[in-house]
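Let me begin by presenting the structure, written as C-alpha cells, before commenting on it.
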Amino acid sequence: MSSRAGSIEAVDGPVVTVADAQGISIAELVLVGDDHLLGEVIRLEGNTATVQVYENTGGLEPGEPVYGTGGPLSVELGPGIIGNIFDGLQRPLEVIETRTGAFVHRGVSIPPLDRQRQWLFHPSVRPGEEIHRGSVLGSVFESDLIEHRLLVPVRLHMGGVSRTMLAERVAAVTPGEHTVGDYVASVDVDHRETRLQMMQRWPVRHARPYRQRLLPDVPLITGQRVIDTFFPIAKGGTAAIPGGFGTGKTVTQHQLAKWSDADIVVYIGCGERGNEMTEVLIDFPMLVDPRSGKPLMQRTVLIANTSNMPVAAREASMYTGVTLAEYYRDMGYDVAVMADSTSRWAEALREIAGRLEELPAEEGFPAYLPSRLAEFYERAGRVVTLGGMNGSVTIVGAVSPPGGNFSEPVTQNTLRFVRCFWALDKSLAAARHFPAINWIESYSEYLDSVEGWWSKNVFNDWRGLRNRAMGVLQEENHLQQIVKLVGADALPDEQRLVLETARMLREGFLQQNAMDPIDTYTTPQKQVAMLRSMMRFYERGREIVARGAPVIRLRELSIVAHLIRMKNEVPNDRLTEIDDIGLALDRQLNELESEYL
Amino acid sequence: MSAASKEYIGVASIRGPLLVVEGTTDIGYDEMVEIIGPDGGRRIGRVLSVSRKAATVEVFEGTSGLTIRSTGVRFFGRPLTVPVSLEMLGRVFDGLGRPIDGGPEPLARERRDINGSPINPTARAYPSEFIQTGISAIDGMNTLVRGQKLPIFSGSGLPHNVLAAQIASQAKIARREEFCIVFAAMGIVRDVATYFQLRFEESGALENSVLFLNLAEDPSTERIATPRMALTVAEYLAFEAGKHVLVIMTDMTNYCEALREVSSAREEVPARRGFPGYMYSDLASIYERCGRIRGMKGSITQMPILTMPNDDITHPVPDLTGYITEGQIVLSRELHLKNIYPPIDVLPSLSRLMKDGIGEGRTRADHPDIASQLYASFARVREVRSLASVIGEEELSAVDKSYLRFGEEFETGFVAQEAVEDRNIDTTLDIGWNVASILPKTELFRVTEQEIRQHYRVPERGV
Ligand SMILES: Nc1ncnc2c1ncn2[C@@H]1O[C@H](COP(=O)(O)OP(=O)(O)OP(=O)(O)O)[C@@H](O)[C@H]1O
Ligand SMILES: [Mg+2]
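Residue numbers (this note's numbering), protein chains in the order written: chain A, 376 to 972; chain B, 363 to 825.
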C-alpha cells in the first residue's frame, strides 16, 4: 500500500519537511522515518512537502525515508466502535495498553476495529432488491443498546476507480457470523459483481453526506435544569460552554454525556487531563441509562487525545470524533458530541501554523481559525439521511479562554457559529454554585423551536412559566445593584420578595449537584413541577405582601426549606411528593393570608 | 537515531541560548548535545530543530563565553537521560542531574529519556485516597488525594515555602518506608533550597528525598530540563520501586520564563505576554506525569509552586497551570497582612479530586455537605463585608451581622492555625460545624436537616 515518496529534509517539533516528494498529494496520510510515524501532508511546494506528524518526532533525522499511503487520514466505520476508547487517530487505546504497557510509545500500528471479533449479521435486503448509497443492508447488535445498521457505502471502489453508488441491485447477502473484514454482501455494478465488507472507511476532514436538513425542533433533554428549562439545546443543535479553569466545563459535559437523551454519545477529550478520561472509563460502565436500564458505556465512544499526547493528533481528534458521530447519525440515531476542549484544538492549529511561519491573525492564531470552527460546527444538524431515516448530530464544545476572559479569538469566533451559549461564571464557581452557568449572560436560540415539544409533552404553559421565572431572576439581578449600596432591608417588601424568590430559584432550582444521586438528573416533568411550586410561592406571596404581610413571615414558613430541598429529596419517580409540598405551601399561605384579610 | 557520537568544531551563529551548527549529518531531532567552550568547560544542550544543512542547539547552561570558531559541539545520538535507581535517595543533584553533594555518580543500571512517555488513560487508576495534611483549609475544603496534582498559587513574599514544607512533613501519604520526596528547584535562591533541606531533615524525610537544584544564580535555560529530570526519577520510584512520591517543584514561573527566553531567541510568534503558544502543551508534559497506574503500587502526587506576577491569577503561568492541574491552593496577600497563616484564600482554591476522596468511609459522612455549606456562606460574607463598608456595620440586618461574625471566625478559627499544628480530619470538620453554627439554621441549605440535628451547635452567643 505504501511507497517511498521522499526523504526528510528538516525536523522542527511536529513539523517535518520532505524533499523529493513527487508522488504524494496534499492531505495524504504518510509514514515518516524508519519508525513509520503517522503524518499528514499539509503543504506542497514544488518538490517539497510539509508534513504534520502525529507522533513524537524525537530522534528523527534528515535523510530518513517518507512513504505515501495513497489516501487521506480516514477512520474505520463498522461494529466495534461503541464502548471503545480511541486516540485522536482512532487507535484503540485498550489494545495499545496490552501491547506497550501503561505508557504509550510511538510507532505502534494497530487497526482501529478488532479484526478477530465475530458479529452476527442479519441482512435486511434480499438478492435482486434495489439498494442505493446510505441505505441499510442489514444489522448487527453492537451492544445491548445499539443495533448497528450496516450502510451501503457512499462511494464504491472497483479496481482503482471510485464512483458513487446510485441504484444498484443486490447480488448476494451472507448472513451469519462475520468479522469486520469479511464480505457480507455483493452488488451488481455495471454487470460486475462488487463485494461489500462489513466495515468501510471515511476521510475525517469531509462531512458525510445526507439527503436533507431538518429544523432542530426537538430538545435534547439533558436532565440539567438550567439547560433544559432556561437555555435548551435542540437535537442537531450546537452549543458552546466557555469558562475559566475550574468553572465546570468538564463536569457539565460529563453530565450531558451521562444523562442526555441521545442514542449515542461521542466524548472527545481533546488536549485535556488523562484522569478525566479514566473517570469516564470507570464510571460509565457502572452507571445505568435511565431510559434503557443498560450501562451507559454501551452507548458511548471515547476519543482521548490528552494534553500530554502529541499536539498534531489533538488537531485530528475533533474530526475523528465528529466523523464517527455522523456515521451513527446516518443509521438514524441521535448522536451527541462533547468536545472538551475546542480551545486546545485551536491551539494545536496555532502551534502548527507557527512552525510553518504563517502570518498570524489575532493572538498568534492563524487567519483560518474562524473557517475551521465554522466547518466543524456545521457538521452538526438534524437530517434525513441518505437512507431516508431521521438522525442528528448535536455538538457541545467547551471553550477555555485565557484568563477566563471571553473577548478572545476562540470564544468570539465560536459564538458566531453556535446557537446556544452557556457562559460559566467564575464567581458562581467560587461560591460553589454549580453548574456555574450565568443565567443573565447565557442564551439559547432554540427556545422558540423547542417550545412546541414542551407544551405538547410536558406542560402547555411551559414557555410562560419559564419566562416568568426568568423575569424574577432578571429583576433580582437589577435589584442587587441597589442592595450593594443600601442593603436589602432598605427595599420595599414587594422587592424583597423578588430577592427571596430568586434565592429560592438559585439554591433550589438553578444549582444542581452532579455528585448527588437524585439531584444529578431531573426529568422534564419534575423540572416543571419544581418551577411551578416556586413560582406559586412568588405569585401568591406577592398578593399576601400587598395585603401588608412582611416578607420575613413568608421567608419563615416552614415549607420554604422543602421547596429548596425537593431537588435532592424528591426522586424523579415520586412527583406526588411535590404535589404534597404544593398543598402544604397553599395551606401555609392561606393561614398567613388569613391574618391580613 | 545513530548511536555513535559526532563532533564538530566551530558554529555558524550564537544567539541567546541558541547556537547553529552547519554541515551536520545524521543528527536527530531532540538529541542530547555537549558543548565544549574555548576554556575546555563542558555544557549540555539539545537539538531544537534540524535540517540537512544545520542543527539548532539549545544550550541549557547558556552560551556566554562561547566563540564562533573554537566552540566544540558533540552530538550523542540519544536524548538527554538521567540515571534512575534507589541509590538516588538522599542525594542532591544540580538542575541537570550531576551530583553536587560531594558524593559519586549514583550507581544505576539504567538511564532514562527525561521526556518520558504519556500514560495511557486506560492504564490509570482514578486517584481517590484521602491524604490528611493536617491543615484545615486543605483537608476540609480542598482535600488532597494520592496521585493528585495540586499546585500552590502564591505571590512573592507569601509563605508558600513554609506551607509546602508543612504539607511535606505532615501529609499522611504513606508509611515512612514507602514515602519519598522528589524536589525540583528552578531559579530559587539558595536560602530557600537550604530551608527545604533542613525541614526535610527535621521530619526525617531527607534520606528518602532526591533533590534537583537549579538555583537563581544557575543558568536559566537549564531549568527547562530540571523538572523533567525530577519526574523521570519520580516515575521510576513510583511505578518501578512502588513508592508513594510527593514531587515538589518550585518555582514554575521561573521555568516558564526560561521557556519564553528560548522562544524569543527563536523569534517565534508569541501567544500572551510573550510566552510561546505551545506553553500549555509544554506544561502539560510536566504536570500530567502524575497519578496512579492500575496494578502498580506507587503513586506520584505533585505539588508545584508558582508565584503569580503582580498577584495576578490571570497571568499565563497560573492560568495555564490551572487549566492542567487538578485544582489549586491560592494564597492571599490580604490574609497574610491580617497575620493569618496559612493565608489560603478558599474561594478561588479548588480540589477537583476531592469528591472521590471524602465522605462516608473515607473522611466523614457530613464532609461534602459541610464543605459546600462553608463555601456558600463564606461567599456571602464577601458581599456582606462590602455592604458593611458602604452602609456601616450597625445598619446591617441581624442575619447579615451573623455573616460578619461567621466570616471572622472562619478566617481566624478555621483557616488559621500554627505552622506546626497538625489537625486531624475530625477536628477540622468539628471546627467547621462550630463556625457554621454562628449562622441561623435557616441559612444552611447545603446541609441536610439530619446533619443539622447531629452537628449544629446551639449558639452560645445569641444571634
Ligand atoms: N454540577 C456540578 N456539581 C458539583 N460540582 C461541580 C459541578 N460542576 C463543577 N463542579 C465542581 O467544579 C470543579 C471543576 O469543574 P470542571 O473540572 O468541570 O472544570 P473545567 O471548567 O472543566 O476546568 P478546566 O478548564 O480546568 O478543565 C469540579 O471538580 C467540581 O468540584
Ligand atoms: Mg475541564
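Yeah, the Cβ is synthetic: ideal placement off N, Cα and C, and Gly gets one too.
Would residue i and residue j be called neighbours here (beta carbons separated by less than 7 Å)?
i: G509(B); j: P489(B); result: yes
i: G769(B); j: V743(B); result: yes
i: L571(A); j: T597(A); result: no
i: L512(A); j: A542(A); result: no
i: S767(A); j: K610(A); result: yes
i: E393(B); j: F422(B); result: no
i: S382(A); j: A394(A); result: yes
i: A499(B); j: V708(B); result: yes
i: T588(B); j: M548(B); result: yes
i: L520(A); j: K669(A); result: yes
i: V416(A); j: E436(A); result: no
i: A711(A); j: V640(A); result: yes
i: L595(A); j: T769(A); result: yes
i: G689(B); j: S661(B); result: no
i: N576(B); j: R590(B); result: no
Counting only beta-carbon atoms, is residue i nearer than 7 Å to chain B?
i: N459(A); result: no
i: R976(A); result: Here chain A covers residues 376 to 972 and nothing more, so residue 976(A) does not appear.
i: T695(A); result: no
i: P745(A); result: no
i: P777(A); result: yes
i: D410(A); result: no
i: P437(A); result: yes
i: I672(A); result: One point to set straight first is that residue 672(A) is Met, not Ile, in the sequence displayed. No, no contact with chain B.
Is there a Cβ of chain A sitting closer than 7 Å to that of residue i, yes or no?
i: V768(B); result: First, the residue type needs correcting, since residue 768(B) is Phe and not Val in the sequence shown. No, because no Cβ of chain A sits closer than 7 Å to the Cβ of F768(B).
i: S490(B); result: no
i: T676(B); result: yes
i: D681(B); result: yes
i: S872(B); result: Outside the modelled stretch of chain B, which goes from 363 to 825, sits residue 872(B), for which no answer is possible.
i: S717(B); result: Sequence check: residue 717(B) is Lys here, not Ser. Yes - at least one Cβ of chain A is within 7 Å of the one on K717(B).
i: V624(B); result: no
i: V752(B); result: yes
i: P710(B); result: yes
By alpha-carbon positions, which one of the options ends up nearest to residue i?
i: I678(A); options: D658(A), P665(A) and G649(A); result: G649(A)
i: T484(B); options: K942(A), E654(A), A936(A) and I812(A); result: E654(A)
i: R878(A); options: E811(B), T804(B), Y818(B) and F438(B); result: T804(B)
i: M713(A); options: H553(A), T625(A) and M684(A); result: T625(A)
i: M890(A); options: L749(B), Y737(B) and I720(B); result: I720(B)
i: P678(B); options: G457(B), G519(B) and D644(B); result: D644(B)
i: H606(B); options: P581(B), F515(B), R538(B) and Q735(B); result: R538(B)
i: L520(B); options: S694(B), L451(B), V544(B) and F492(B); result: S694(B)
i: A749(A); options: G772(A), T760(A) and V759(A); result: G772(A)
i: F541(B); options: F574(B), Y557(B), G604(B) and F492(B); result: G604(B)
i: E384(B); options: P705(B), R656(B), A555(B) and R431(B); result: R431(B)
i: M845(A); options: Y818(A), S518(A) and G621(A); result: Y818(A)
i: M716(B); options: G496(B), P704(B) and P730(B); result: P730(B)
i: T810(B); options: W797(A), A936(A), Q887(A) and S969(A); result: A936(A)
i: V555(A); options: I456(A), G458(A), A396(A) and R490(A); result: R490(A)
i: I371(B); options: T429(B), N796(B) and V412(B); result: T429(B)
i: A688(A); options: G433(A), N947(A), F461(A) and L932(A); result: F461(A)
i: D410(A); options: V441(A), G388(A) and A396(A); result: V441(A)
i: V601(A); options: E783(A), W577(A), T549(A) and E882(A); result: E882(A)
Any chance you could list the alpha helix (DSSP H) runs of at least 4 consecutive residues sitting entirely within the segment 535-567 of chain B, in chain order? 552-564
Under 5 Å from any heavy atom of ligand 2, by CB: list those residues in chain order, please. K624(A) and T625(A)
In chain order, which continuous runs of the beta strand (DSSP E) of length 3 or greater are located wholly inside the segment 704-764 of chain A? 709-715 and 756-759
In the segment 860-902 of chain A, which residue ranges form an unbroken beta strand (DSSP E) of at least 3 residues, counting only runs that do not cross its ends? none
Would you mind listing the beta strand (DSSP E) stretches within the segment 488-562 of chain A that are 3+ residues and don't spill past its ends, in chain order? 494-498, 511-516, 522-526, 530-533, 536-539, 543-548 and 551-553
Would you list, in sequence order, the uninterrupted alpha helix (DSSP H) runs of no fewer than 4 residues that lie entirely inside the segment 677-749 of chain B? 678-686, 695-699 and 716-719
Name, going along the chain, the residues of the segment 674-687 of chain A whose beta-carbon falls closer than 9 Å to a beta-carbon of chain D. In summary, chain D is missing from the structure at hand, where the protein chains are A and B.
Which runs of the beta strand (DSSP E) at least 3 residues long sit entirely within the segment 605-648 of chain B? Give them in chain order. 606-612
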